[in-house]
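Accompanying notes for the structure given below.
In this note's numbering, the protein residues as written are 62 to 320.
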């Protein structure tokens, strides 16, 4: 996805709060800032993590509704609100959580297709998928089958995920485009008009690239960076971070041997 085509017309940042009617309010003096997103990995992963939290709910010993709202506010303050393409207004808190759960489910299905998964993971996907169907977050077509049949399970997930992502791209108005650069170079591009559209467009690009979204393993990585890893063994977002981590491990070993 060409970077220049990823520039949306939305705003981000500012100081937001969730109102009593579950709509978002920009606090006085917290004016939003013009927003340009060069990569969508971090926003994508934060949204998916919020969805994981919402799915776990009371089953998790550390879950609280206050914590879920706080995570949503952190996302808002960093990225700005997601927009509902049907109403052309900012999503309410409930709509935002629903979208986060959709991203979480898509992320888990994508991971299972890349790496395979154990029976308990398949059961978890089906359990969450059924919950999403019951809550009308996703369509029941195609219908889930036997989660204990691994071959059918993966075929079903692939059919469902491709259909679901295509619907999200259409819903968020992502469109194909071409670009031209100096030197007579044409490139493929995607035209997006909102943060939500960019997140789903980036997710689709990563599916095509067969890459995983990972957090850089270098603890001092600038910006706490998430990146698309085409090789499952890749742990760092750049050679710079990999070298820095190797140097730190070498220093740690020297200190340990000196004791």
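Each residue gets a CB set at the ideal place from its N, CA and C atoms; glycine is no exception.
- Going by C-alpha positions, residue 238 is about 10 angstroms away from residue 253.
- Apart from sequence neighbours up to five positions away, the residues of its chain that approach residue 265 with a beta-carbon distance below 7 angstroms are 226, 230, ordered along the chain.
- Contact annotation: the region 180-194 does not touch the region 123-132, with fewer than three C-beta pairs closer than 8 angstroms.
- In this structure residue 164 touches residue 108 by the C-beta definition: roughly 5 angstroms separates them, less than 8 angstroms.
- The shortest C-alpha to C-alpha distance from residue 174 to any of 137, 251, 212, 281 is the one to 212.
- For residue 241, the secondary structure class from DSSP, reduced to helix, strand or coil, is strand.
- Taken atom to atom, the span from the alpha-carbon of residue 232 to that of residue 280 is near 37 angstroms.
- Boundaries of the beta strand (DSSP E) around residue 250: 246-252.
- For residue 111, the enclosing alpha helix (DSSP H) stretches over residues 102-117.
- Here residue 251 is actually not in contact with residue 143; their C-beta atoms are around 18 angstroms apart, not less than 8 angstroms.
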